[in-house]
Every structure is written in C-alpha cells, then in structure tokens.
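Have a look at the structure below before the remarks.
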Amino acid sequence: MLYINTSWLLKSFKIGGKIITPPTNQNYTLNFLKYNRAKGIDDCNNITWSCEVTNHKIKFSPIGGTKLGCNDNSINKLFENALLFSENFIPDEENLVRNNGGSSNFFLLNN
12 MLYINTSWLL
22 KSFKIGGKII
32 TPPTNQNYTL
42 NFLKYNRAKG
52 IDDCNNITWS
62 CEVTNHKIKF
72 SPIGGTKLGC
82 NDNSINKLFE
92 NALLFSENFI
102 PDEENLVRNN
112 GGSSNFFLLN
122 N
C-alpha cells in the first residue's frame with residue numbers, strides 16, 4: 012500500500028457547508044499500517060479501520076475501537092463519519108483530500 016508508515020493529523024473538514032476544525036486541545040490522527048489497516052485517535056478513543064487503496068484512492072471500512080466518553084466539545088463522531096461516508100480520499104501533495112460524490116466537501120490531514 013502506497014501510504015504504509017505514514018501519519019496524518021487532522022486540519023479541517025467540511026460538512027454541510029460548514030468547516031469543522033478540531034478544538035486546540037484535541038488531536039485527531041490517522042496512521043496507515045501494513046495489510047490494508049489503519050489506526051488513529053479521535054480525541055478520546057483509539058480506533059482502527061480496514062482500508063482499500065485503488066488507483067491511489069483510499070476507502071475505509073467500518074470503525075472498531077474503544078468506546079470512551081468524549082468531552083462535550085469533541086468532534087469524534089463527525090470525524091468518524093467523515094472517514095466512513097466519503098467515497099474516497101485522494102492524495103494532494105501533503106494532504107489527503109476527501110471526495111464525497113463530486114461535492115466540494117474536503118477532509119485534510121497533514122503528514
């Protein structure tokens with residue numbers, strides 16, 4: 012897989028025309044592993060995915076992980092849904108760009 016051993020930090024994403032950025036006290040990460048696996052942290056939980064890479068596009072499977080209670084201002088559910096309900100992610104230099112049905116929605120992570 013092209014992205015093995017890369018780590019990404021969430022910068023922002025867009026849902027319904029609104030740009031969502033993580034609160035400054037929260038980190039959302041995505042790390043690509045061997046065997047089409049990925050892991051990350053969504054503010055308060057460790058999470059894992061299976062992922063499929065085709066023509067440099069990434070599609071995530073359902074999430075598994077811990078189910079701890081997050082802070083009231085956590086965007087963890089929005090983060091998880093942005094990963095799961097996107098058609099794919101396309102690399103764009105130092106970012107992964109979220110593609111959601113040709114709309115202008117985006118999801119950027121820094122390597």
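Mind the numbering: the sequence shown is residues 12 to 122 in the numbering used here, read in order. Think of the CB as a built atom: it goes at the ideal place given N, C-alpha and C, for glycine as much as any other residue.
Taking the Cβ atom as the reference point for each residue, do L31 and L107 lie within a distance shorter than 8 Å?
Mapped onto the sequence shown, residue 31 falls at position 20. Mapped onto the sequence shown, residue 107 falls at position 96. Checking the displayed sequence, the identity of residue 31 turns out to be Ile instead of Leu. In this structure, L107 does not lie closer than 8 Å to I31 by Cβ.
How far does the beta strand (DSSP E) with L95 in it reach, from first residue to last?
As a position in the sequence shown, residue 95 is number 84, starting the count at 1. Note, L95: premise wrong, no beta strand (DSSP E); alpha helix (DSSP H) at 87-95.
Under 8 Å, do N87 and C55 count as touching if we go by C-beta distance?
Mapped onto the sequence shown, residue 87 falls at position 76. Mapped onto the sequence shown, residue 55 falls at position 44. Taking 8 Å as the cut-off, the beta carbon of N87 is found closer than this to the beta carbon of C55.
I'd like the span of the beta strand (DSSP E) that includes N42, first residue to last.
Here residue 42 is taken as the residue at index 31 of the sequence shown, counted from 1. Where N42 is concerned, the enclosing beta strand (DSSP E) stretches over 39-44.
Per DSSP, the bridge partner or partners of T65:
Taking the first residue of the sequence shown as 1, we reach residue 65 at position 54. Secondary-structure assignment with DSSP links T65 through a beta bridge to K68.
Taking the straight line between their C-alpha atoms, what separation do you get for I74 and E105?
Here residue 74 corresponds to residue number 63 of the sequence shown, with the count starting at 1. Here residue 105 corresponds to residue number 94 of the sequence shown, with the count starting at 1. CA-to-CA, the gap between I74 and E105 works out to about 24 Å.
Straight-line gap, Y46 to D53 (C-alpha atoms, nearest Å)
Walking along the sequence shown from the start, residue 46 turns up at place 35. Walking along the sequence shown from the start, residue 53 turns up at place 42. Distance between the alpha carbons of Y46 and D53 is about 22 Å.
Suppose the cutoff is 6 Å on Cβ atoms and the five residues either side in sequence are ignored; what does the same chain contact list for K68 look like?
Reading the sequence shown from its first residue, position 57 is the one you call residue 68. N99, I101, listed in sequence order.
Kindly identify the DSSP beta-bridge partner or partners of K29.
Position 18 of the sequence shown, counted from the first residue, corresponds to residue 29. Per DSSP, I26.
Under a three-way DSSP split, which group does N36 fall into?
Within the sequence shown, the letter at position 25 stands for residue 36. Three-state result, N36: coil.
What separation, rounded to the nearest whole angstrom, lies between the Cα atoms of I58 and K50?
Within the sequence shown, residue 58 is the residue found at index 47, counting from 1. Within the sequence shown, residue 50 is the residue found at index 39, counting from 1. Taking the straight line joining both Cα atoms gives about 6 Å.
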